[in-house]
Amino acid sequence: MTFVRNRWYVAAWDGEIGAGAFSRTICGEPIVMYRKLAGDVVALRDACPHRLLPLSMGIREGDNLRCRYHGLLVGPDGKPRQMPIVHERVNEKICTPTYAVVERHRFVWVWIGDQTKADPNLVPDFWPCSREGWVFDGGYMHVKCDYRLFIDNLMDLTHETYVHMGSIGQQELMEAPLETSTDGDRVVLSRWMPNIDAPPFWRQALKKEGKVDRWQICHFVEPCSVLIDVGVSPVEAGDTLVSHDSGVRGFVIDSMTPETETSSHYFWGMARNFDVHDAGVTARLKAGQSQIFAEDIEILERQQASIAANPDMALRVLSIDSGGAHSRRVIERLMKQDA
Amino acid sequence: MTFVRNRWYVAAWDGEIGAGAFSRTICGEPIVMYRKLAGDVVALRDACPHRLLPLSMGIREGDNLRCRYHGLLVGPDGKPRQMPIVHERVNEKICTPTYAVVERHRFVWVWIGDQTKADPNLVPDFWPCSREGWVFDGGYMHVKCDYRLFIDNLMDLTHETYVHMGSIGQQELMEAPLETSTDGDRVVLSRWMPNIDAPPFWRQALKKEGKVDRWQICHFVEPCSVLIDVGVSPVEAGDTLVSHDSGVRGFVIDSMTPETETSSHYFWGMARNFDVHDAGVTARLKAGQSQIFAEDIEILERQQASIAANPDMALRVLSIDSGGAHSRRVIERLMKQDA
Amino acid sequence: MTFVRNRWYVAAWDGEIGAGAFSRTICGEPIVMYRKLAGDVVALRDACPHRLLPLSMGIREGDNLRCRYHGLLVGPDGKPRQMPIVHERVNEKICTPTYAVVERHRFVWVWIGDQTKADPNLVPDFWPCSREGWVFDGGYMHVKCDYRLFIDNLMDLTHETYVHMGSIGQQELMEAPLETSTDGDRVVLSRWMPNIDAPPFWRQALKKEGKVDRWQICHFVEPCSVLIDVGVSPVEAGDTLVSHDSGVRGFVIDSMTPETETSSHYFWGMARNFDVHDAGVTARLKAGQSQIFAEDIEILERQQASIAANPDMALRVLSIDSGGAHSRRVIERLMKQDA
Numbered sequence: 001m002t003f004v005r006n007r008w009y010v011a012a013w014d015g016e017i018g019a020g021a022f023s024r025t026i027c028g029e030p031i032v033m034y035r036k037l038a039g040d041v042v043a044l045r046d047a048c049p050h051r052l053l054p055l056s057m058g059i060r061e062g063d064n065l066r067c068r069y070h071g072l073l074v075g076p077d078g079k080p081r082q083m084p085i086v087h088e089r090v091n092e093k094i095c096t097p098t099y100a101v102v103e104r105h106r107f108v109w110v111w112i113g114d115q116t117k118a119d120p121n122l123v124p125d126f127w128p129c130s131r132e133g134w135v136f137d138g139g140y141m142h143v144k145c146d147y148r149l150f151i152d153n154l155m156d157l158t159h160e161t162y163v164h165m166g167s168i169g170q171q172e173l174m175e176a177p178l179e180t181s182t183d184g185d186r187v188v189l190s191r192w193m194p195n196i197d198a199p200p201f202w203r204q205a206l207k208k209e210g211k212v213d214r215w216q217i218c219h220f221v222e223p224c225s226v227l228i229d230v231g232v233s234p235v236e237a238g239d240t241l242v243s244h245d246s247g248v249r250g251f252v253i254d255s256m257t258p259e260t261e262t263s264s265h266y267f268w269g270m271a272r273n274f275d276v277h278d279a280g281v282t283a284r285l286k287a288g289q290s291q292i293f294a295e296d297i298e299i300l301e302r303q304q305a306s307i308a309a310n311p312d313m314a315l316r317v318l319s320i321d322s323g324g325a326h327s328r329r330v331i332e333r334l335m336k337q338d339a
Numbered sequence: 001m002t003f004v005r006n007r008w009y010v011a012a013w014d015g016e017i018g019a020g021a022f023s024r025t026i027c028g029e030p031i032v033m034y035r036k037l038a039g040d041v042v043a044l045r046d047a048c049p050h051r052l053l054p055l056s057m058g059i060r061e062g063d064n065l066r067c068r069y070h071g072l073l074v075g076p077d078g079k080p081r082q083m084p085i086v087h088e089r090v091n092e093k094i095c096t097p098t099y100a101v102v103e104r105h106r107f108v109w110v111w112i113g114d115q116t117k118a119d120p121n122l123v124p125d126f127w128p129c130s131r132e133g134w135v136f137d138g139g140y141m142h143v144k145c146d147y148r149l150f151i152d153n154l155m156d157l158t159h160e161t162y163v164h165m166g167s168i169g170q171q172e173l174m175e176a177p178l179e180t181s182t183d184g185d186r187v188v189l190s191r192w193m194p195n196i197d198a199p200p201f202w203r204q205a206l207k208k209e210g211k212v213d214r215w216q217i218c219h220f221v222e223p224c225s226v227l228i229d230v231g232v233s234p235v236e237a238g239d240t241l242v243s244h245d246s247g248v249r250g251f252v253i254d255s256m257t258p259e260t261e262t263s264s265h266y267f268w269g270m271a272r273n274f275d276v277h278d279a280g281v282t283a284r285l286k287a288g289q290s291q292i293f294a295e296d297i298e299i300l301e302r303q304q305a306s307i308a309a310n311p312d313m314a315l316r317v318l319s320i321d322s323g324g325a326h327s328r329r330v331i332e333r334l335m336k337q338d339a
Numbered sequence: 001m002t003f004v005r006n007r008w009y010v011a012a013w014d015g016e017i018g019a020g021a022f023s024r025t026i027c028g029e030p031i032v033m034y035r036k037l038a039g040d041v042v043a044l045r046d047a048c049p050h051r052l053l054p055l056s057m058g059i060r061e062g063d064n065l066r067c068r069y070h071g072l073l074v075g076p077d078g079k080p081r082q083m084p085i086v087h088e089r090v091n092e093k094i095c096t097p098t099y100a101v102v103e104r105h106r107f108v109w110v111w112i113g114d115q116t117k118a119d120p121n122l123v124p125d126f127w128p129c130s131r132e133g134w135v136f137d138g139g140y141m142h143v144k145c146d147y148r149l150f151i152d153n154l155m156d157l158t159h160e161t162y163v164h165m166g167s168i169g170q171q172e173l174m175e176a177p178l179e180t181s182t183d184g185d186r187v188v189l190s191r192w193m194p195n196i197d198a199p200p201f202w203r204q205a206l207k208k209e210g211k212v213d214r215w216q217i218c219h220f221v222e223p224c225s226v227l228i229d230v231g232v233s234p235v236e237a238g239d240t241l242v243s244h245d246s247g248v249r250g251f252v253i254d255s256m257t258p259e260t261e262t263s264s265h266y267f268w269g270m271a272r273n274f275d276v277h278d279a280g281v282t283a284r285l286k287a288g289q290s291q292i293f294a295e296d297i298e299i300l301e302r303q304q305a306s307i308a309a310n311p312d313m314a315l316r317v318l319s320i321d322s323g324g325a326h327s328r329r330v331i332e333r334l335m336k337q338d339a
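Going down the list, the protein sequences come from chains A, B and C. One point on numbering: in this note's numbering, the residue at position 220 of the first sequence is 220, and numbering is uninterrupted. One point on numbering: in this note's numbering, the residue at position 331 of the second sequence is 331, and numbering is uninterrupted. One point on numbering: in this note's numbering, the residue at position 202 of the third sequence is 202, and numbering is uninterrupted.
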């Protein structure tokens with residue numbers, strides 16, 4: 001097992017789930033999701049409890065799904081509502097596993113593992129995705145790699161120079177010192193660049209002349225997300241690593257939900273507190289991220305294949321990997337708690 | 001092992017095997033078949049006993065196959081007739097396994113397992129496929145599922161409502177009572193619908209007005225066939241579940257020969273005792289069955305994949321599954337006899 | 001393990017390796033090769049010692065490769081030249097395995113296994129590929145079979161009759177006696193055809209009328225090559241199996257480097273001492289070989305698949321297989337020395 005079970009995972013964007021059955025494998029478990037008539041999302045194991053045909057092939061009837069094989073009618077609680085022989089007594093023991101669901105911060109979260117522990121308060125706080133005064137959009141990509149390789153990638157900003165040579169790579173980023181800190185299950189990798197010229201993108205966002213302080217702060221959010229706080233503020237505002245809301249600010253949102261041990265669902269996007277009513281900025285950010293993440297994915301999939309092809313070699317940890325290494329230690333600890 | 005070994009299996013339609021080498025894997029064993037000059041069918045393991053090149057790639061010489069690699073000439077008894085160096089003494093120990101063959105009821109049957117037990121009297125009695133006054137035709141499909149899933153499917157008629165929604169599904173079929181009976185290795189699932197209006201297809205076949213008795217009787221024929229006796233007869237004839245030849249009658253023929261543990265060869269067709277000289281009826285029946293079975297196959301292949309994807313879930317047996325459940329018990333018992 | 005490790009293997013044609021990184025898996029190990037500025041070839045494990053991204057995706061800088069992920073600069077000795085953070089102290093323990101390389105006889109050879117044993121004097125003597133007065137050309141094919149099946153094929157000339165029915169197969173070849181001899185790790189299969197009419201190809205090469213002596217002598221060169229000495233000389237010259245340089249002579253060169261246990265790299269060609277300045281002859285020989293070897297490869301890939309499909313059957317050894325059988329015994333002995 002390479003992932004934590006007793007946790008909330010992003011299973012879908014809110015917009016992906018409608019009235020129709022939607023199927024996705026999360027942490028190795030095939031899950032069917034759909035919205036009840038009242039609008040809330042249901043998540044069931046995607047297998048009829050009778051003969052295991054995927055329920056996602058079924059027929060929606062009210063808030064239930066009728067299996068396309070023998071017609072067993074399964075309710076949103078995974079229990080049968082009607083047997084194939086309609087007048088037969090319903091046997092509630094014939095039911096499919098269900099998953100607790102919370103819809104929050106634009107995502108549909110499901111709880112894998114012990115359902116009695118599914119506390120909605122444990123949903124990670126992706127506040128920039130849903131706070132007033134902020135706007136958030138993004139996309140989805142399927143990636144053929146262990147989600148932890150993706151965390152390594154995001155908890156390190158030095159890879160930008162080479163992986164993103166053709167887009168955002170900048171040698172000068174390598175110069176600024178990075179700091180890693182941990183506090184319980186939180187890992188933070190931060191870079192503070194005081195009193196510099198704002199690069200064009202941020203200058204335009206800020207809409208002000210003059211020197212700025214710039215930051216990039218990667219937060220590992222267990223079990224599989226990285227939120228990257230980025231932005232600039234005027235030097236004279238005196239912002240700090242801890243408090244920096246005087247300028248313009250965004251969060252790169254990355255959640256890499258395990259599909260299998262060697263493949264992941266990548267939910268990505270950008271939340272921001274500037275130009276929030278400018279749909280053109282939103283669209284350009286999304287297009288830009290899409291291009292950049294495709295560059296990462298090419299690397300990650302080749303890395304995954306190479307790990308399999310070189311079983312005698314181990315991943316080595318350099319100073320730049322401390323963010324990822326700390327994050328992996330958190331994951332190890334949580335997996336032990338599962339067991 | 002998921003199949004019985006000491007049994008006759010349908011390996012091909014009679015028309016599939018001619019002078020040329022024909023290769024098909026039966027119960028995990030690659031088998032090459034061809035017709036001798038006298039017309040009888042030979043079945044050998046499809047591997048030259050010398051260096052294992054498939055004999056089906058070979059050159060037909062009289063009733064022998066010459067391997068395309070080094071020219072070893074293999075006879076229909078699997079023994080060498082000539083060595084690669086033509087003047088060398090033939091070593092009869094270098095031979096390939098052979099399979100007993102019987103051609104009967106329009107099919108070529110091969111005996112898998114212990115060849116000394118291959119008694120032609122044990123070939124299942126598919127009499128409607130070869131009796132005078134009857135006509136029989138059908139087809140072949142490759143299916144990526146365990147043959148037992150197919151038996152479950154055929155030994156239950158309730159699935160028609162949903163699987164065949166777009167074709168033959170009828171909710172009223174669910175209303176008629178089904179009865180399962182067993183007698184030794186035989187399992188019979190039957191439905192007798194007395195004194196009803198004949199549906200259009202049967203009305204046309206019967207060519208008579210008036211109420212009819214209608215029947216659907218599924219016979220599991222071990223190890224992997226299901227014969228479904230269907231038809232109608234005038235009420236006044238007084239036919240019964242045991243004897244019903246006063247009207248029109250057909251048999252849906254289904255034989256699901258295992259290829260591997262998760263794939264099957266599906267031989268299907270319809271035998272009937274009405275309109276036997278009307279080739280148009282034959283062609284329409286075949287076209288109709290082909291469409292209906294394609295609907296089943298879509299379900300069965302998805303079910304097979306779902307079983308693999310949900311290893312923690314088990315197939316459950318409801319009342320409608322008793323035909324399949326009894327049939328699986330027969331298979332279990334026969335597999336134990338093999339061992 | 002099905003191959004010897006402590007040996008030189010052909011990894012590439014000399015012309016395949018240039019300034020750019022070239023990747024090929026040899027004996028299960030992904031290897032990246034490139035030419036240094038001085039022209040000599042470097043071979044490294046194709047994985048950055050940091051996070052295992054293939055180095056073949058990297059950026060060439062002088063004689064080094066910079067990893068495309070975090071920019072670790074790896075030298076031709078597999079050791080780091082510069083860390084991702086450029087001012088960090090270089091940690092030489094973070095290095096990738098290297099392979100000894102020799103470029104000889106038109107091929108790039110790499111030593112797999114214990115690098116301290118990589119003695120250039122052990123490179124097989126493919127002298128016809130590089131001797132003055134001779135010319136050599138050929139090609140490369142990827143083959144999905146165990147390299148030993150290919151050795152069996154080449155250490156037996158009788159298969160030509162059937163495998164090459166459409167091209168060079170001749171029943172009369174089967175008539176001439178073959179002799180197998182061994183001497184330590186060398187296995188020789190030879191056929192001497194005295195006082196015959198030269199076939200058209202050799203008549204044209206010899207450019208002389210009159211009876212000839214003709215020979216075909218297959219040399220197994222451990223661990224995975226076969227060199228076939230072929231030619232004719234005028235009867236009156238009195239050539240022998242041991243000494244035959246009075247006429248025209250060629251060597252069919254075959255080296256089958258294992259990629260995995262069931263796939264190989266096939267390096268093939270023809271060296272000759274006649275018409276050495278006629279590029280048309282060279283081109284026609286290459287085209288002809290290419291066609292003939294494609295016929296072998298079809299057989300070998302089907303044989304490999306059949307071996308997997310018939311696990312209860314064993315490869316049998318006939319008199320014609322003695323060349324291959326002796327060669328396999330040499331390989332077995334060398335594998336034991338490895339262990």
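Yeah, the Cβ is synthetic: ideal placement off N, Cα and C, and Gly gets one too.
Check your understanding: Cβ of ALA38/B within 9 Å of Cβ of VAL110/B?
Key -> On the second sequence, residue 38/B is found 38 positions in, with the first residue counted as 1. On the second sequence, residue 110/B is found 110 positions in, with the first residue counted as 1. No.
Check your understanding: Quick one: what's GLY20/B bridged to in DSSP?
Key -> Walking along the second sequence from the start, residue 20/B turns up at place 20. Answer is none; GLY20/B lacks a bridge partner.
**Study point:** MET1/A: contacting residues in chain B (beta-carbon distance under 8 Å)
**Key:** Translated into positions along the first sequence, residue 1/A becomes position 1. The premise fails here: MET1/A is roughly 14 Å from chain B at the closest Cβ pair, so nothing lies under 8 Å.
Practice item. Please check if any C-beta of chain A sits within less than 9 Å of the C-beta of SER306/B. Key: Residue mapping note: residue 306/B aligns to position 306 of the second sequence, counting from 1. Chain A contact via Cβ: present.
**Study point:** Cross-chain neighbours of HIS159/B in chain A, by beta carbon under 7 Å
**Key:** Taking the second sequence and counting its residues from 1, one reaches residue 159/B at position 159. Going along chain A in sequence order, the residues near HIS159/B (Cβ under 7 Å) are TYR69 and HIS70.
Practice item. Determine, using beta-carbon pairs with one atom in the stretch 25-39 of chain B and one in the stretch 59-70 of chain B, whether at least three such pairs fall under 8 Å. Key: The stretch 25-39 of chain B vs the stretch 59-70 of chain B: in contact.
Review point. CB ARG70/C to CB ILE320/A, shorter than 9 Å?
Key: The count along the third sequence starts at 1 and reaches residue 70/C at position 70. The count along the first sequence starts at 1 and reaches residue 320/A at position 320. One detail in the question is off: residue 70/C reads as His in this sequence, not Arg. In contact: HIS70/C and ILE320/A (Cβ atoms closer than 9 Å).
Check your understanding: Ordered along the chain, which non-local residues of its own chain (more than five positions away) have a Cβ less than 6 Å from that of ASP114/B?
Key -> For the purposes of this step, residue 114/B is taken as residue 114 along the second sequence, with counting starting at 1. Non-local beta-carbon contacts of ASP114/B in its own chain, meaning distances under 6 Å to residues more than five positions away in sequence, involve ASN6 in chain order.
Exercise for review: Could you work out which residues of chain C lie near TYR162/A, taking near to mean beta carbons separated by less than 8 Å?
Suggested key: Residue numbering aside, residue 162/A sits at position 162 when the first sequence is read from its first letter. Neighbours of TYR162/A across chain C, judged by C-beta separation under 8 Å: ILE59, ARG66, CYS67, ARG68, TYR69, HIS70 and GLY71.
**Study point:** Neighbouring residues, chain C, relative to ALA309/A (Cβ below 7 Å)
**Key:** Walking along the first sequence from the start, residue 309/A turns up at place 309. In chain order: PRO30.
Practice item. List in chain order: all unbroken beta strand (DSSP E) runs of 3+ residues lying wholly within the stretch 48-113 of chain B. Key: Correct list: 59-61, 64-66, 80-82, 101-104 and 107-112.
Review point. Would you report the Cα separation of CYS145/A and ASP338/A, rounded to the nearest angstrom?
Key: Numbered from its first residue, the first sequence carries residue 145/A at position 145. Numbered from its first residue, the first sequence carries residue 338/A at position 338. In a straight line, the C-alpha of CYS145/A is about 23 Å away from that of ASP338/A.
Practice item. In angstroms with no decimal places, state the Cα-to-Cα distance between MET256/C and CYS224/B. Key: Residue 256/C sits at position 256 when you count from the first residue of the third sequence. Residue 224/B sits at position 224 when you count from the first residue of the second sequence. Rounded to the nearest angstrom, the two C-alpha atoms are 46 Å apart.
Review point. At a CB-CB cut-off below 7 Å, which residues of chain C make contact with MET83/B?
Key: In the second sequence, the residue the question calls residue 83/B occupies position 83. In chain order: LEU318.
Exercise for review: Give a yes or no on whether the minimum CB-CB distance between LEU53/B and chain C is below 9 Å.
Suggested key: On the second sequence, position 53 is the one that residue 53/B refers to. At least one CB of chain C lies nearer than 9 Å to the CB of LEU53/B.
Practice item. Quickly, what does DSSP pair TYR162/B with across the bridge? List them, please. Key: Here the question's residue 162/B lines up with position 162 in the second sequence. DSSP output for TYR162/B lists no bridge partner at all.
Exercise for review: With 9 Å as the threshold, decide whether the Cβ of THR96/B is near any Cβ in chain C.
Suggested key: Start at 1 with the first residue of the second sequence, and residue 96/B comes out as number 96. Yes, because at least one Cβ of chain C sits closer than 9 Å to the Cβ of THR96/B.
Practice item. Look at the Cβ atom of VAL242/B, then the Cβ atom of ARG272/B, and state whether they are nearer than 9 Å. Key: Translated into positions along the second sequence, residue 242/B becomes position 242. Translated into positions along the second sequence, residue 272/B becomes position 272. At least 9 Å separates the beta-carbon of VAL242/B from that of ARG272/B.
Exercise for review: Round the Cβ separation of ILE253/A and LEU53/C to the nearest angstrom and send it over; I've been treating them as touching at under 8 Å.
Suggested key: Along the first sequence, one-based indexing puts residue 253/A at 253. Along the third sequence, one-based indexing puts residue 53/C at 53. About 25 Å; that fails the 8 Å criterion.
Practice item. Starting from SER233/B, follow its DSSP beta bridges and name the residues at the other end. Key: Indexing the second sequence from 1 puts residue 233/B at position 233. DSSP lists ASP213/B as partners of SER233/B.
Check your understanding: For the stretch 287-304 of chain C, which residues have a CB atom closer than 7 Å to at least one CB atom of chain B, in sequence order?
Key -> So the close ones are ILE299, ARG302 and GLN303.
Practice item. Check each candidate in CYS27/A, ASP152/A and PRO30/A and name the one with the smallest Cα separation from ILE297/A. Key: What you label residue 297/A is simply residue 297 of the first sequence in a count that begins at 1. A check of alpha carbon separations from ILE297/A across CYS27/A, ASP152/A and PRO30/A identifies ASP152/A as the nearest.
Check your understanding: Any Cβ of chain B within less than 9 Å of the Cβ of GLU88/A?
Key -> Your numbering for residue 88/A matches position 88 in the first sequence. GLU88/A counts as touching chain B.
Practice item. In angstroms with no decimal places, state the Cα-to-Cα distance between PRO128/A and VAL135/A. Key: Against the first sequence, residue 128/A aligns to sequence position 128. Against the first sequence, residue 135/A aligns to sequence position 135. So the two alpha carbons sit approximately 8 Å from each other.
Practice item. My understanding is that LEU206/C touches ARG191/C, with C-beta atoms under 8 Å, so please give their C-beta distance in whole angstroms. Key: Residue mapping note: residue 206/C aligns to position 206 of the third sequence, counting from 1. Residue mapping note: residue 191/C aligns to position 191 of the third sequence, counting from 1. Not a contact, Cβ separation roughly 18 Å.
Practice item. Report the residue from PHE126/A, GLU103/A, HIS50/A and GLU261/A whose alpha carbon sits nearest the alpha carbon of HIS159/B. Key: Counting from 1 along the second sequence, the entry for residue 159/B is found at position 159. Nearest C-alpha to HIS159/B: HIS50/A.
Check your understanding: For chain A, is any of its Cβ atoms less than 9 Å away from the one on ASP119/B?
Key -> Position 119 of the second sequence holds residue 119/B. No, no contact with chain A.
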